[in-house]
Amino acid sequence: PEIIIVKDEAEAGELYARCVADLIKAKPDAVLGLATGSSPLAAYQALAKVVKEEAIDVSQVRGFALDEYLGLPLTHPESYHQTIHRTVVEPLGLDPDKVHVPGDVLDGCPIEDGAKVAGAGAAYDAAIEAAGGIDVQILGIGTDGHIGFNEPGSSLASGTRVKTLAEQTRIDNARFFDNDIDQVPMHCITQGIGTIMKARHLVLLAFGSGKAEAIAETCEGGVSAFCPASALQMHPHATIIVDEAAASRLR
Ligand code: F6R
Numbered sequence: 002p003e004i005i006i007v008k009d010e011a012e013a014g015e016l017y018a019r020c021v022a023d024l025i026k027a028k029p030d031a032v033l034g035l036a037t038g039s040s041p042l043a044a045y046q047a048l049a050k051v052v053k054e055e056a057i058d059v060s061q062v063r064g065f066a067l068d069e070y071l072g073l074p075l076t077h078p079e080s081y082h083q084t085i086h087r088t089v090v091e092p093l094g095l096d097p098d099k100v101h102v103p104g105d106v107l108d109g110c111p112i113e114d115g116a117k118v119a120g121a122g123a124a125y126d127a128a129i130e131a132a133g134g135i136d137v138q139i140l141g142i143g144t145d146g147h148i149g150f151n152e153p154g155s156s157l158a159s160g161t162r163v164k165t166l167a168e169q170t171r172i173d174n175a176r177f178f179d180n181d182i183d184q185v186p187m188h189c190i191t192q193g194i195g196t197i198m199k200a201r202h203l204v205l206l207a208f209g210s211g212k213a214e215a216i217a218e219t220c221e222g223g224v225s226a227f228c229p230a231s232a233l234q235m236h237p238h239a240t241i242i243v244d245e246a247a248a249s250r251l252r
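Just remember that UniProt numbering sits 1 ahead of the position in the sequence shown, which is counted from 1.
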């Protein structure tokens, strides 16, 4: 992958914003792959600013989020449905009907509701395909190298499917649930690594020393399911944007 070392999140955000703004100008119904978490926030803010300053028409832009918790109703403030609405749809002024989150059809149903859960992943992948595929997929990375909620050990060929969250990820995300791990859902639905790899351009953002090990493994380790992000080594157009701290373990 192409690796760009930037001064801070704001500079990374500007690079993403320029790339996506130019894409939308050339292709008004561009398909954006969206992530939650803290890493992409500055990028969304920068894009919202450019869209406003350059009066870019985003009314036809489509979006597909990476993942969602299973068992949270769509109205829950920490559902990714709400999070994507708050951080992307509203600030950019996108049409909410054109932005999809994998759990939308499940709306809080528990994993035990097998009939409803089965097929939701394949239907999501089919919807992405029907939209013509994702043009630019933004990604964060977990300290364990996960992308989406594809934890270490996930098949590199996987499609969108239901997964169990790793204990570490539930601990990391308890900060959004009153620091109470019992409130963090046990399961999720996530784009697979195979799904993510089909996007035409991947932009992975990582900041801070906590990500340094995962970034070194992603860029310079072997391609392995034990570091799901290492699949980016096989992608024809992957851009990894990091600050000095996240780059500090690169050789
Ligand atoms: C978010 C997602 C996750 C995060 C990752 C990093 O939709 O799929 O893979 O990107 O956990 O999270 P932050 O950016 O909060 O460090």
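In this text, a Cβ means the ideal position worked out from N, Cα and C, and glycines have one as well.
DSSP lists L203 as the beta-bridge partner residues of A239.
Check the Cα spacing between P153 and each of E218, G211, A127: the tightest is with E218. The straight-line gap separating the alpha-carbon atoms of L205 and A56 is approximately 26 Å. Within the region 98-176, the complete alpha helix (DSSP H) runs of at least 4 residues fall at 115-118, 121-131, 168-174.
Excluding the 5 residues flanking it on each side, G149 has same chain C-beta neighbours closer than 7 Å at L67, D68, T191, Q192, I197, in chain order.
Beta-carbon to beta-carbon, G134 and K199 are separated by about 6 Å, close enough to satisfy the 8 Å threshold. Distances between the C-beta of D68 and the heavy atoms of the ligand F6R include at least one below 7 Å. Going by beta carbons, V52 and L93 fall inside the 8 Å limit.
For the pair D145 and A207, the CB atoms are not nearer than the 8 Å cut-off. Relative to the ligand F6R, A18 has its C-beta separated by 7 Å or more from all heavy atoms.
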